[in-house]
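Student:
Protein chains: 2
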Amino acid sequence: MSSSSLRAELQQAPELFENVLARFFQENAERYAYGDLFEPLYLDITEFVARRGKRIRPMLMLGSYRIFGGDRSFEDHSLLRAALSLELLHSFILIHDDVIDQSERRRRLPTFHKLVEERLGKIEDAARVGENVAVVVGDILFAMAVDTLRSTDFPSPLRDAALSHFLRYISDTGAGEVYDILLGTRDIARVEESDIMRMYTLKTTRYTFEAPLVLGALLAGMDDDHLRELTELIEPVGLAFQIQNDLIEYHQFKGVDRLRQTDILEGKKTLLLRVAYDQLVDVDRSFLQLCLSTRTSNDASVSKIEQLIDKSGAVGLLTQRMEGLFQKAETALENSSFTPEQRDGLREAFSLVRQQTQHTGTQ
Amino acid sequence: MSSSSLRAELQQAPELFENVLARFFQENAERYAYGDLFEPLYLDITEFVARRGKRIRPMLMLGSYRIFGGDRSFEDHSLLRAALSLELLHSFILIHDDVIDQSERRRRLPTFHKLVEERLGKIEDAARVGENVAVVVGDILFAMAVDTLRSTDFPSPLRDAALSHFLRYISDTGAGEVYDILLGTRDIARVEESDIMRMYTLKTTRYTFEAPLVLGALLAGMDDDHLRELTELIEPVGLAFQIQNDLIEYHQFKGVDRLRQTDILEGKKTLLLRVAYDQLVDVDRSFLQLCLSTRTSNDASVSKIEQLIDKSGAVGLLTQRMEGLFQKAETALENSSFTPEQRDGLREAFSLVRQQTQHTGTQ
Numbered sequence: 001m002s003s004s005s006l007r008a009e010l011q012q013a014p015e016l017f018e019n020v021l022a023r024f025f026q027e028n029a030e031r032y033a034y035g036d037l038f039e040p041l042y043l044d045i046t047e048f049v050a051r052r053g054k055r056i057r058p059m060l061m062l063g064s065y066r067i068f069g070g071d072r073s074f075e076d077h078s079l080l081r082a083a084l085s086l087e088l089l090h091s092f093i094l095i096h097d098d099v100i101d102q103s104e105r106r107r108r109l110p111t112f113h114k115l116v117e118e119r120l121g122k123i124e125d126a127a128r129v130g131e132n133v134a135v136v137v138g139d140i141l142f143a144m145a146v147d148t149l150r151s152t153d154f155p156s157p158l159r160d161a162a163l164s165h166f167l168r169y170i171s172d173t174g175a176g177e178v179y180d181i182l183l184g185t186r187d188i189a190r191v192e193e194s195d196i197m198r199m200y201t202l203k204t205t206r207y208t209f210e211a212p213l214v215l216g217a218l219l220a221g222m223d224d225d226h227l228r229e230l231t232e233l234i235e236p237v238g239l240a241f242q243i244q245n246d247l248i249e250y251h252q253f254k255g256v257d258r259l260r261q262t263d264i265l266e267g268k269k270t271l272l273l274r275v276a277y278d279q280l281v282d283v284d285r286s287f288l289q290l291c292l293s294t295r296t297s298n299d300a301s302v303s304k305i306e307q308l309i310d311k312s313g314a315v316g317l318l319t320q321r322m323e324g325l326f327q328k329a330e331t332a333l334e335n336s337s338f339t340p341e342q343r344d345g346l347r348e349a350f351s352l353v354r355q356q357t358q359h360t361g362t363q
Numbered sequence: 001m002s003s004s005s006l007r008a009e010l011q012q013a014p015e016l017f018e019n020v021l022a023r024f025f026q027e028n029a030e031r032y033a034y035g036d037l038f039e040p041l042y043l044d045i046t047e048f049v050a051r052r053g054k055r056i057r058p059m060l061m062l063g064s065y066r067i068f069g070g071d072r073s074f075e076d077h078s079l080l081r082a083a084l085s086l087e088l089l090h091s092f093i094l095i096h097d098d099v100i101d102q103s104e105r106r107r108r109l110p111t112f113h114k115l116v117e118e119r120l121g122k123i124e125d126a127a128r129v130g131e132n133v134a135v136v137v138g139d140i141l142f143a144m145a146v147d148t149l150r151s152t153d154f155p156s157p158l159r160d161a162a163l164s165h166f167l168r169y170i171s172d173t174g175a176g177e178v179y180d181i182l183l184g185t186r187d188i189a190r191v192e193e194s195d196i197m198r199m200y201t202l203k204t205t206r207y208t209f210e211a212p213l214v215l216g217a218l219l220a221g222m223d224d225d226h227l228r229e230l231t232e233l234i235e236p237v238g239l240a241f242q243i244q245n246d247l248i249e250y251h252q253f254k255g256v257d258r259l260r261q262t263d264i265l266e267g268k269k270t271l272l273l274r275v276a277y278d279q280l281v282d283v284d285r286s287f288l289q290l291c292l293s294t295r296t297s298n299d300a301s302v303s304k305i306e307q308l309i310d311k312s313g314a315v316g317l318l319t320q321r322m323e324g325l326f327q328k329a330e331t332a333l334e335n336s337s338f339t340p341e342q343r344d345g346l347r348e349a350f351s352l353v354r355q356q357t358q359h360t361g362t363q
């Protein structure tokens, strides 16, 4: 299919997707009718998943399915449910992530554990109870996500391969999250760039880009060799988007709303920070380490870190590296065994994601 | 098969099971080779799952499979892997549970988050980082558990039905955990007995008794009507075991090691506590509420709570109720449509579990 007809078809997809999402929670209300204590949580889950995100993952999956020859309509219930499983997975990961990072806001509303905490009112340990409930609700969403993919009507071997990949992506994402947590405890001088790259790939690329594109292609019938080739194409793109994400967050809040530089405040070891450290002279490095190690979430220390990052030239270097990665992906695509139409389709998909995420990242 | 030959066969099962468990982690080492930072965690996961538990769930599953006519040998790789999936599920649930309860010991060794915390040494937030890593490792074990069941070689429709049930049990267990957490925040007077019973059924019976027995029967080829009948038989047994569990923990530590009355110390709303409250006169009730609400984990307040529980006669009442539930299950079994051999097999399975758990519960 041509990339313009793909674009046209994808424009209809978000509405179809939101409908199937709403219907999913209506149809499953009885299954999850665990009584009075659980009921408000079911509504919270519904509200949380339904919050307007970019739906990058379901849209990439649908796009990939069509690019690689899948012939079901975008109105097909099972196809939409497979796309939904990725969004449920995303919600589960966000809920656990937000507990881990003790984040307070998600998609301009309270994070899940904050929702629960607020409803509890003034009881002892409300914050902790909110987090505990959110961990368990994340687990329930995980089960929902897997079961949603399982219960589609794709032929058994395809469905089985899809489930196998899906579960693998969850482990990979978990391993990436472990890297994120553990690197967060280290001094920036002891964090290897290769560890950060590995963390980015495992934690984000796998389930944000690889999972949708591979699942879509797989359900469209792609063989293992081509799936491997597709996977290799995706890695540099995923990394490029992750760098774009870092740069966006940095620019967005720099100087204006420093207390939203959450990565810096949380002690995250981003590539931006690591490259900045590498570029600075010794005295500035020590100062950067000091600012990071105090972990005082105040405007002054974040401001100083920003100054050092700017001075290092890391933003320029990473912008170059990001462009290089997008270029690398383009070259690999050009040399791939995919048809010209398929290459155009993938280009189109990447450029749509790039447009969508240029201002607010991939969440 | 006769119940004596079932007993003989089940005596061989633990060794076969431990072997397949050890092999599983060896064979999967490469799959989870996420680099230096993850490697120690993979060893921790292996050690944690391999800790000598009672393996009630895998053994019940194997027993049920044989009772209901499954013809694979207990040495069959896929049959053992299906049993293993239940133990992996159990480990995932324990790890999240222990984080939620901030427990320090599990099977006479440190809980998972404590293991991680200890290795981190003296860094800021080591306790929190340990918990965060444990949440994610639980997620990874969840994915492992589902994938282990998925990758067995049972016929596709059976495997699919098994996965569907498995995922459902995980949601149920999660809902039970939510009840446990939320009831923990309430005054005992505001906790309904029916909520506690529901919590017990969802949180423990489902994945400890129903999951193994139903999965074993299902993989042996049982039809839906019989599966429903089996499920109904299990509910009173599960509740009886849960009451037995409460009573064991209470007796075990009473007066001797009060600081291990973890349920009381954690503010858990057990049936024992609720029945005690019901039986006490007003002045004692108020005193009980006071002791519970201060939540000071000191010997004196736990001692006072123990005195009030003893005075209430709740232990005797619950012992009666437990016996009544076992009797109810026996009557239902007698009136069931299962063959005499199948009934004997189930009786044997329940009595084995009862023997095994008489001193230390179902963990």
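As they're listed, the protein sequences go chains F and S.
The letter at position 276 of the first sequence is residue 276 when you use my numbering, and the numbering goes up by one with no holes.
The letter at position 4 of the second sequence is residue 4 when you use my numbering, and the numbering goes up by one with no holes.
Positions of the beta carbon are idealized from the N, C-alpha and C atoms, including for glycine.
Keep in mind that this is a model prediction, so the values were computed, not measured.
Could you tell me the distance, in whole angstroms, from the CA atom of Arg52/S to the CA atom of Leu10/S?
Tutor: Stepping through the second sequence from its first residue, residue 52/S is reached at position 52. Stepping through the second sequence from its first residue, residue 10/S is reached at position 10. When rounded, the distance between both Cα atoms is 17 Å.
Student: What residues are listed by DSSP as bridge partners for Pro110/S?
Tutor: As a position in the second sequence, residue 110/S is number 110, starting the count at 1. Beta-bridge pairing links Pro110/S to Arg105/S.
Student: Check whether the Cβ of Asp187/F lies closer than 7 Å to any heavy atom of the ligand NAP, and answer yes or no.
Tutor: For the structure depicted, the ligand NAP is absent and the ligand set is empty, with no information on it obtainable.
Student: Please list, in chain order, the chain S residues whose beta carbon lies closer than 7 Å to that of Ile95/F.
Tutor: Taking the first sequence and counting its residues from 1, the one referred to as residue 95/F is at position 95. Per Cβ cutoff of 7 Å: no residues; Ile95/F is ~11 Å from chain S at best.
Student: Starting from the Cα of Ser351/S, find the closest Cα among Gln327/S, Thr339/S and Phe338/S and give me that residue.
Tutor: Here residue 351/S refers to the residue found at position 351 when the second sequence is read from its first residue. Comparing Cα-Cα distances from Ser351/S to each of Gln327/S, Thr339/S and Phe338/S, the minimum goes to Gln327/S.
Student: With a threshold of 16 other CB atoms inside 10 Å of the CB of Thr331/F, please say whether the residue is buried or exposed.
Tutor: In the first sequence, the residue the question calls residue 331/F occupies position 331. Under this definition Thr331/F is an exposed residue.
Student: Keeping to the same chain, check which residues put their C-beta closer than 6 Å to that of Met222/S; ignore five residues upstream and five downstream.
Tutor: Working through the second sequence from its first residue, we reach residue 222/S at position 222. Hits under 6 Å: Phe68.
Student: Quick check on DSSP: helix, strand or coil for Phe68/S?
Tutor: In the second sequence, the residue the question calls residue 68/S occupies position 68. Coil, per DSSP.
Student: Could you compute how far the alpha carbon of Leu333/F sits from the alpha carbon of Arg343/F?
Tutor: Within the first sequence, residue 333/F is the residue found at index 333, counting from 1. Within the first sequence, residue 343/F is the residue found at index 343, counting from 1. Taking the straight line joining both Cα atoms gives about 6 Å.
Student: Alpha helix (DSSP H) containing His359/F: first to last residue?
Tutor: Here residue 359/F refers to the residue found at position 359 when the first sequence is read from its first residue. Careful: His359/F lies outside any alpha helix (DSSP H) and carries neither H nor E.
Student: Check Leu218/S in the structure and name its three-state DSSP category.
Tutor: Along the second sequence, read from residue 1 onward, the residue named residue 218/S stands at position 218. Correct three-state label for Leu218/S: helix.
Student: Is the separation between the beta-carbon of Tyr169/S and that of Arg119/S shorter than 8 Å?
Tutor: Within the second sequence, the letter at position 169 stands for residue 169/S. Within the second sequence, the letter at position 119 stands for residue 119/S. Contact: no.
Student: If we cut at 8 Å on Cβ distances, does Thr185/S have a partner in chain F?
Tutor: Translated into the one-based positions of the second sequence, residue 185/S becomes position 185. Taking Cβ atoms only, chain F reaches closer than 8 Å to Thr185/S, which makes this a yes.
Student: Under three-state DSSP, which class holds Gln252/F?
Tutor: Counting from 1 along the first sequence, the entry for residue 252/F is found at position 252. Note: Gln252/F maps to helix in three-state DSSP.
Student: Considering Cα atoms alone, identify which of Leu84/F, Gly63/F and Gly316/F is closest to Glu420/F.
Tutor: Any answer about residue 420/F is impossible in this case: the structure gives chain F only from 1 up to 363.
Student: My output table needs one value for Tyr32/S: the three-state DSSP class, helix, strand or coil.
Tutor: In the second sequence, counting from the first residue as 1, residue 32/S sits at position 32. Here Tyr32/S sits in coil by DSSP.
Student: Please report the straight-line C-alpha distance between Ile309/F and Asn335/F, rounded to a whole angstrom.
Tutor: For this step, residue 309/F is matched to residue 309 along the first sequence. For this step, residue 335/F is matched to residue 335 along the first sequence. Spanning the two alpha carbons is a distance of roughly 37 Å.
Student: Quick one, which of Ala126/S, Glu229/S, Ile93/S and Ala276/S has its alpha-carbon nearest Ala189/S's?
Tutor: For this step, residue 189/S is matched to residue 189 along the second sequence. For Ala189/S, the closest of Ala126/S, Glu229/S, Ile93/S and Ala276/S by C-alpha to C-alpha distance is Ala276/S.
Student: Any contact of the region 164–179 of chain F with the region 87–105 of chain F, i.e. 3+ C-beta pairs under 8 Å?
Tutor: yes
Student: Determine, using beta carbons only, whether Glu312/F and Gln289/F come nearer to each other than 8 Å.
Tutor: Stepping through the first sequence from its first residue, residue 312/F is reached at position 312. Stepping through the first sequence from its first residue, residue 289/F is reached at position 289. Here the sequence assigns Ser to residue 312/F, which means Glu is not the residue at that position. For Ser312/F and Gln289/F, no; Cβs fall outside 8 Å.
Student: What is the DSSP secondary structure of Ile123/F, counted as helix, strand or coil?
Tutor: Locating residue 123/F in the first sequence gives position 123, where the first residue counts as 1. DSSP places Ile123/F in coil when its eight states are reduced to three.
Student: Can the beta-carbon of Val178/F be found closer than 8 Å to that of Glu131/F?
Tutor: Locating residue 178/F in the first sequence gives position 178, counting from the first residue. Locating residue 131/F in the first sequence gives position 131, counting from the first residue. In this structure, Val178/F keeps its C-beta atom at 8 Å or more from the C-beta atom of Glu131/F.
Student: May I ask which residues mark the beginning and end of the alpha helix (DSSP H) holding Ser194/S?
Tutor: Taking the first residue of the second sequence as 1, we reach residue 194/S at position 194. Start and end: Glu193 to Tyr200.
Student: CA-CA distance, Arg55/F and Pro212/F?
Tutor: Reading the first sequence from its first residue, position 55 is the one you call residue 55/F. Reading the first sequence from its first residue, position 212 is the one you call residue 212/F. Rounded to the nearest angstrom, the two C-alpha atoms are 11 Å apart.
Student: For Pro157/S, does the three-state DSSP call read helix, strand or coil?
Tutor: Stepping through the second sequence from its first residue, residue 157/S is reached at position 157. Under the three-state reduction of DSSP output, Pro157/S falls in the helix class.
Student: Going by CA-CA distance only, name the one from Val302/S, Leu292/S, Asp282/S and Arg285/S that's closest to Arg260/S.
Tutor: As a first step, residue 260/S is located in the second sequence; it is residue number 260 there, counting from the start. Per the Cα distances, Val302/S.
Student: Could you tell me the alpha carbon to alpha carbon distance between Glu192/S and Tyr34/F, rounded to whole angstroms?
Tutor: Reading the second sequence from its first residue, position 192 is the one you call residue 192/S. Reading the first sequence from its first residue, position 34 is the one you call residue 34/F. Whole-angstrom Cα-Cα distance: 15 Å.
Student: Using only alpha-carbon positions, find the residue among Thr111/F, Val237/F, Ala82/F and Leu182/F that is nearest to Ala161/F.
Tutor: Sequence index remark: in the first sequence, residue 161/F carries index 161 (1-based). Selected option, being the one with the closest Cα: Ala82/F.
Student: Within 10 angstroms of its Cβ, does Asp246/S collect 16 or more other Cβ (buried), or is it exposed?
Tutor: As a working mapping, residue 246/S is identified with position 246 in the second sequence. Classification of Asp246/S: buried, given that the 10 Å Cβ count is 16 or more.
Student: Any Cβ of chain F within less than 8 Å of the Cβ of Ile100/S?
Tutor: As a position in the second sequence, residue 100/S is number 100, starting the count at 1. With 8 Å as the cut-off, Ile100/S counts as an interface residue toward chain F.
Student: So which of Ala50/F, Thr185/F, Val20/F and Leu215/F has the shortest CA-CA distance to Phe166/F?
Tutor: For the purposes of this step, residue 166/F is identified with residue 166 of the first sequence, where counting begins at 1. Checking every option, the nearest Cα to that of Phe166/F belongs to Leu215/F.
Student: At 8 Å on the CB atoms, spell out the chain C contacts of Leu88/S, in chain order.
Tutor: Any reference to chain C falls outside this structure, whose protein chains are F and S.
Student: Pick out whichever of Thr111/F, Leu41/F and Gly176/F has its Cα sitting closest to the Cα of Tyr200/F.
Tutor: Walking along the first sequence from the start, residue 200/F turns up at place 200. It is Gly176/F whose Cα lies nearest to the Cα of Tyr200/F.
Student: Taking three-plus beta-carbon pairs below 8 Å as touching, is the region 57–68 of chain F in contact with the region 29–48 of chain F?
Tutor: no
Student: With a threshold of 8 Å on Cβ separation, who are the neighbours of Asp284/F within its own chain once the five nearest residues in sequence on each side are excluded?
Tutor: Here residue 284/F corresponds to residue number 284 of the first sequence, with the count starting at 1. These residues qualify, in order along the chain: Leu308, Lys311 and Ser312.
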